[in-house]
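Student:
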Amino acid sequence: MGTPDRQFGPVGGEGIPHLKERARALEPLGWKGRRAEWIALACFHGGVFTRVQWTSFLGCHHEKVGRAVRKLVAQGVAIEEKPPGIKGIGRICRIHGRPIYKALGLGDRRRRRITSPEVTMRRLLGLDYALEHPRLPWLPTEADRVAAFEALGIERGLLPQRVYRGALGGIRRFFPLGLPIALDTERAVFVYA
């Protein structure tokens, strides 16, 4: 694995390069700039975060983040809770609103759902890693990941996958853990927590 200052790909400007364009999709919902980038980042990397993570990302006073969290909750697209079974990190915000995920092109995202404390912690740790390595070329969506590995000549059948079965049939998901993955021409970084 790389170190936080190691560059694995080209970087334009501050922050994580792919976020600026994707965050624009949140403008109709009232989110702009770095706040929209944060919401996109959190949704792409698990859908959960702490206020401390958001404050660190923005580099601002914690009360500014508190107002933003309250706005998400008031819009009905997030909840903030102290989950049972997780101690020492305070409250966790979970973005669950379909409008946010739909605007980001993640309409059927399973990460919107309530999960076990273990899965929640895994997602928080994955987000921490992505925050500590902003220069890595993260592949935020399942489609991005599949396309990137296929471009390297790796067949879909060799990629990690799981079939979810329901009343209306099954759906195949690639990279089902949803943890961060970065890929460039030299190497791949798989985050596992």
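So the sequence shown is residues 167 to 359, counted in this note's numbering. Ideal Cβ placement from N, Cα and C applies to all residues, glycine included.
Of the residues Gly332, Ala317, Ile258, Leu325, which one's Cα is nearest the Cα of phenylalanine 356?
Tutor: Leu325
Student: Can you tell me the Cα-Cα spacing of isoleucine 347 and leucine 224, whole angstroms?
Tutor: 23 Å
Student: Measure the C-alpha to C-alpha separation of alanine 296 and leucine 334 and round it to an integer number of angstroms.
Tutor: 35 Å
Student: Is it true that the CB of valine 214 sits closer than 8 Å to the CB of threonine 286?
Tutor: yes
Student: Applying the criterion that 16 or more other CB atoms from any shown protein chain within 10 Å of the CB defines a buried residue, is leucine 349 buried or exposed?
Tutor: buried
Student: Mind listing, in chain order, the continuous beta strand (DSSP E) runs of no fewer than 3 residues lying wholly within the segment 250-321?
Tutor: Counting whole runs of 3 or more residues, the segment 250-321 contains the beta strand (DSSP E) stretches 258-261.
Student: Under 7 Å Cβ to Cβ from isoleucine 255, same chain only, skipping five residues before and after it: list those, please.
Tutor: Apart from sequence neighbours up to five positions away, the residues of its chain that approach isoleucine 255 with a beta-carbon distance below 7 Å are Thr216, ordered along the chain.
Student: Rank Val218, Arg201, Ala202 by C-alpha distance to the C-alpha of leucine 290 and give the top, closest one.
Tutor: The candidate whose alpha carbon is nearest that of leucine 290 is Val218.
Student: Can you give me the C-alpha to C-alpha distance between glutamate 203 and glutamate 193, rounded to a whole angstrom?
Tutor: 11 Å
Student: Go ahead and pull the three-state DSSP assignment for alanine 348.
Tutor: strand
Student: Assign arginine 353 to one of three DSSP states: helix, strand, or coil.
Tutor: In the structure shown, the three-state DSSP call for arginine 353 is coil.
Student: Return the CA-CA distance between cysteine 226 and tryptophan 220, expressed in angstroms with no decimal places.
Tutor: 9 Å
Student: Ignore the nearest five residues each way along the sequence and tell me which others in proline 249's own chain have a CB closer than 8 Å to its CB.
Tutor: Ile258, Pro283, Thr286
Student: Who are glycine 336's beta bridge partners in DSSP?
Tutor: Note: glycine 336 sits in a beta bridge opposite Arg331.
Student: Please confirm whether arginine 200 and alanine 234 have their CB atoms less than 8 Å apart.
Tutor: Between arginine 200 and alanine 234, the C-beta gap is not smaller than 8 Å, which leaves the two residues out of contact.
Student: Valine 312 to glycine 332, Cα distance in whole Å?
Tutor: 23 Å
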